[in-house]
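Just below is one structure, and these are the notes that go with it.
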Amino acid sequence: MTVAQLLIYGVIFGSILALLASGYSLVYGVGGVINLAHGAFYLLTAYMIFWFVDGNVLAYPIAIIVALIFITILGAIVYIAFIEPLEKYGEVSVLIVTFAIAFLIERAILLYEGAKVGELQSISLDYFIPGGAYFLGVFVYYHDIIIIITAIIVLSLLILFIKKSRLGKSIRAVSQDKDAAKLMGINVDKILMFTVAFSAFLAGLAAILYVPKTNIMPYYGWDYLLLAMSVVVLGGMGSLAGSLIGAYLISFLRYFVLLFIDFPFGTAFAGLTHLAIIIIMLIIRPRGILGKKERV
1368 MTVAQLLIYG VIFGSILALL ASGYSLVYGV GGVINLAHGA FYLLTAYMIF WFVDGNVLAY
1428 PIAIIVALIF ITILGAIVYI AFIEPLEKYG EVSVLIVTFA IAFLIERAIL LYEGAKVGEL
1488 QSISLDYFIP GGAYFLGVFV YYHDIIIIIT AIIVLSLLIL FIKKSRLGKS IRAVSQDKDA
1548 AKLMGINVDK ILMFTVAFSA FLAGLAAILY VPKTNIMPYY GWDYLLLAMS VVVLGGMGSL
1608 AGSLIGAYLI SFLRYFVLLF IDFPFGTAFA GLTHLAIIII MLIIRPRGIL GKKERV
């Protein structure tokens, strides 16, 4: 791997991590909820699109729209039916129920895929636009450019939305003090439902953009959950800016390992970097780079 490849691939994968982790960080920052079903949202979105397209049920663009709408609604349902009723019993109850939801989604996909083909196989999706071009001596797919542009647009709009819109100001108020927000007439439960639903949307969007570049299997949801967690732990729990910084730092670090260690050992070590970051950051700086004692 060359330095040019490190920079280009680091930006591409960092953009995916930024989308994936921003939603996860938002849910914690607003409601203090650690959602272990976040990776399952990523997983289910990819499989839904594959099932629609592979079964000739829907055209690829329509399948993407339907899957995004479904996963967003599912996020809202998960909050209303499971997270909200259990919040009063503490964080452990929420952890258990979101873990159970993630496990249920994984098992359902495993059963369906195993019954359909007789054996478990990895799946992938098609590039939005085939082909590519050379940049700094590195072949870059047009799909990669779409990933970067989409991440920039979506995350910029998210930041503007939270800072400028009325709903965004309500989200910030809830993140600072739920009780005070209630006294101000803000419907806290609706705000929290919105954040969980939107985080599911971001996870689904990350899957739509990244699965065409790789493949996925039913148990990969946990890998992407851990990636999101590592970004948030590094950047700071509840900090959107921290999540953006953490996403690109982890991405560049993974490819930095590949710069010095050849395949197959480099790939193995690169896959462990985010786990090492979680452990190290929890020991030396539990709040992360931009995290504060209170949720932001």
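With the sequence shown counted from 1, adding 1367 to any position gets you the numbering used here.
Idealized CB from N, CA, C, for every residue including glycine.
Bear in mind that the values here come from a model prediction, so they are computed numbers and not experimental data.
A direct Cα-to-Cα measurement between Asp-1556 and Ile-1447 gives close to 8 Å. Restricting attention to Phe-1449, Leu-1492, Met-1368, Val-1370, the CA atom closest to the CA of Trp-1418 is found in Leu-1492.
As summarised for the segment 1432-1459, the continuous alpha helix (DSSP H) elements at least 4 residues long and confined to that stretch are 1451-1454, given in chain order. The bridge partners DSSP lists for Phe-1506 are Tyr-1501. In this chain, the alpha helix (DSSP H) harbouring Ile-1383 covers 1370-1398. Apart from the 5 residues on each side of it in sequence, Gln-1372 sits with its Cβ closer than 6 Å to the Cβ of Val-1505 in its chain, given in chain order.
With respect to the 9 Å criterion, Leu-1386 and Leu-1411 are not classified as neighbours on the basis of their beta carbons.
In the three-state reduction of the DSSP assignment, Ile-1416 falls in the helix class, which pools H, G and I.
Within the segment 1578-1656, the alpha helix (DSSP H) runs of at least 4 residues that lie entirely inside it are, in chain order, 1588-1602, 1607-1627, 1632-1637, 1640-1651. With 16 or more neighbouring CB atoms inside 10 Å of its own CB, Arg-1621 falls in the buried class. Taking every protein chain shown into account, the CB of Asp-1511 has 16 or more other CB atoms within 10 angstroms, so this residue is buried. Partner residues in the beta bridge of Ile-1490, as assigned by DSSP, are Ile-1583.
The C-beta distance from Tyr-1427 to Val-1420 rounds to 5 Å, short enough to fall under 8 Å. Ala-1614 and Gly-1381 do touch by the CB rule: their CB atoms are close to 5 Å apart, below 8 Å.
Val-1598 has its alpha-carbon roughly 30 Å from the corresponding atom of Asn-1554.
With fewer than 16 other Cβ atoms inside 10 Å of its own Cβ, Ser-1532 counts as exposed. Excluding sequence positions up to five before and after Phe-1449, its CB lies within less than 6 Å of the CB of Val-1464, all in the same chain and listed in chain order.
In this structure, the straight-line span from the alpha carbon of Met-1604 to that of Ala-1573 is close to 20 Å. Closest by C-alpha distance to Ile-1519, out of Thr-1369, Gly-1571, Ile-1379, is Ile-1379.
In the DSSP assignment, Ala-1547 falls within the unbroken alpha helix (DSSP H) covering 1545-1550. By the neighbour-count criterion, in which a residue is buried when 16 or more other Cβ atoms sit within 10 angstroms of its Cβ, Asn-1423 is exposed. Contact between Tyr-1586 and Tyr-1409 fails: their C-beta atoms lie close to 12 Å from each other, not under 8 Å. In the assembly as shown, Ala-1413 is a buried residue. Its beta-carbon has 16 or more other beta-carbons within 10 Å.
Ser-1532 carries a coil assignment under DSSP once its states are collapsed to helix, strand and coil.
Excluding its 5 nearest sequence neighbours in each direction, Ile-1431 has C-beta neighbours in its own chain below 7 Å: Ile-1416, Ile-1575, listed in chain order.
Collapsing the DSSP output to three states places Phe-1561 in a helix.
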